[in-house]
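Trainee: Sending over a structure as structure tokens; questions will come in a sec.
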Amino acid sequence: RKQRFAQIHREGTSSANRLLVIRILPNGLEHSRFGFVVSKRIGNAVTRNLIKRRLRESVRQTNTKGGWDAVIIARRGASSVEFSQLKHAVYGLLQRAKLAKSSPSSE
Numbered sequence: 001r002k003q004r005f006a007q008i009h010r011e012g013t014s015s016a017n018r019l020l021v022i023r024i025l026p027n028g029l030e031h032s033r034f035g036f037v038v039s040k041r042i043g044n045a046v047t048r049n050l051i052k053r054r055l056r057e058s059v060r061q062t063n064t065k066g067g068w069d070a071v072i073i074a075r076r077g078a079s080s081v082e083f084s085q086l087k088h089a090v091y092g093l094l095q096r097a098k099l100a101k102s103s104p105s106s107e
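Next comes the structure, spelled out in structure tokens:
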């Protein structure tokens, strides 16, 4: 897994907004895989895990295309926004990367 993260970082294409960065690379599979990176600069372990859970849920609620590996990297502002704003930011990035099929469901 570490090697794949490094490969995506090296060879992948990226998009960004003020809260997040996404790097994507085709994986040749029928489904997409997502990884999440939250730096220690962002906060303590509780804060970092909260952000990762929110990112994971945001991706889960968005219908995505298959065949891609994506790494979503949180920026400092991600710790201070509401979940709905973070979900909107994730959807916007997935749309820009052409990975989103539909908007996030409102569960």
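Going by this note's numbering, the first residue of the sequence shown is number 1, and it counts up by one from there. We put the beta carbon where it would ideally sit given N, CA and C, even for glycine. Keep in mind that this is a model prediction, so the values were computed, not measured.
How many angstroms separate the CA atom of S58 from the CA atom of F83?
Mentor: 9 Å
Trainee: Quick check on DSSP: helix, strand or coil for A89?
Mentor: Helix at A89.
Trainee: Considering only C-alpha positions, which residue in the set V37, N17, E11, A16 is nearest to N27?
Mentor: Measuring from the Cα of N27, the nearest candidate turns out to be E11.
Trainee: Residues in its own chain within less than 7 Å of R48 by CB, not counting five upstream and five downstream?
Mentor: V38, I42
Trainee: Quick check on this structure: which residue in L25, K2, L19, H88 has the alpha carbon closest to the alpha carbon of T108?
Mentor: In this structure the chain extends from 1 to 107, so residue 108 is not present and cannot be described.
Trainee: Can you tell me whether T62 is helix, strand or coil according to DSSP?
Mentor: Here T62 sits in coil by DSSP.
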